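Engineer: Provided herewith is a single structure, encoded as structure tokens, for subsequent inquiry.
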């Protein structure tokens with residue numbers, strides 16, 4: 001990821017934040033999406049999108065977004081690790097055995113990542129899917145409306 005893309009993503013994020021504060025949530029959501037596409041490692045842009053979708057109460061859209069965010073964030077993180085390995089091959093080779101003995105490497109040879117952001121997103125995804133699955137079904141009104149019968153035709157007694 002070039003430094004230019006990271007800067008552009010941060011600028012888009014800042015503009016989206018201003019739009020959100022001004023109350024234009026739909027335009028802010030579009031800019032957050034642009035920011036996240038420009039730099040998939042921008043977790044703040046992903047989080048703000050999730051918050052805005054939560055405010056609009058569109059659970060299915062939020063589930064799709066969380067799945068996309070997890071996949072893109074992981075892919076970006078893995079790409080960064082591979083780029084670092086290419087640049088620092090000598091360092092990686094000299095410490096690979098130690099990292100393997102300590103259990104710090106995945107079977108692919110890349111370092112293990114305990115990313116709290118992905119953990120939070122996975123928890124939110126699980127909860128959303130659970131709520132969608134167990135949501136009460138909206139009942140259609142199959143009952144006929146009860147018509148109120150008029151009260152007796154005789155006038156009410158008056159005090160004399």
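Numbering (full-length UniProt numbering), first residue to last: 1 to 160. Positions of the beta carbon are idealized from the N, C-alpha and C atoms, including for glycine. From a predicted model like this one, the values you see are computed outputs, not experimental measurements.
Considering only DSSP beta bridges, list what residue 111 is partnered with.
Structural biologist: Within the chain shown, the letter at position 111 stands for residue 111. DSSP output for residue 111 lists 105 as bridge partner(s).
Engineer: Do residue 76 and residue 40 have their C-beta atoms within less than 9 Å of each other?
Structural biologist: By one-based count along the chain shown, residue 76 stands at place 76. By one-based count along the chain shown, residue 40 stands at place 40. Going by C-beta atoms, residue 76 is nearer than 9 Å to residue 40.
Engineer: Given a threshold of 16 other Cβ atoms within 10 Å of its Cβ, counted over all protein chains shown, does residue 62 qualify as buried or as exposed?
Structural biologist: Taking the chain shown and counting its residues from 1, one reaches residue 62 at position 62. It counts as buried.
Engineer: Enumerated in chain order, which unbroken segments of the alpha helix (DSSP H) with a length of 4 residues or greater are wholly contained in the segment 1-80?
Structural biologist: Correct list: 3-22, 25-38, 43-55.
Engineer: At a cut of 8 Å, does the segment 23-30 reach the segment 46-64 through at least three beta carbon pairs?
Structural biologist: Yes: the two stretches touch, three or more of their Cβ pairs being nearer than 8 Å.
Engineer: Sort 136, 9, 126 by Cα distance to residue 38 and report the nearest one.
Structural biologist: Along the chain shown, one-based indexing puts residue 38 at 38. Among 136, 9, 126, the Cα nearest to that of residue 38 is on 9.
Engineer: Could you give the DSSP three-state label for residue 91: helix, strand or coil?
Structural biologist: As a first step, residue 91 must be located in the chain shown, where it is residue number 91. Note: residue 91 maps to helix in three-state DSSP.
Engineer: If contact is defined by three or more beta carbon pairs under 8 Å, each pair taking one atom from either stretch, is the segment 116-127 in contact with the segment 63-74?
Structural biologist: Touching, per the Cβ criterion.
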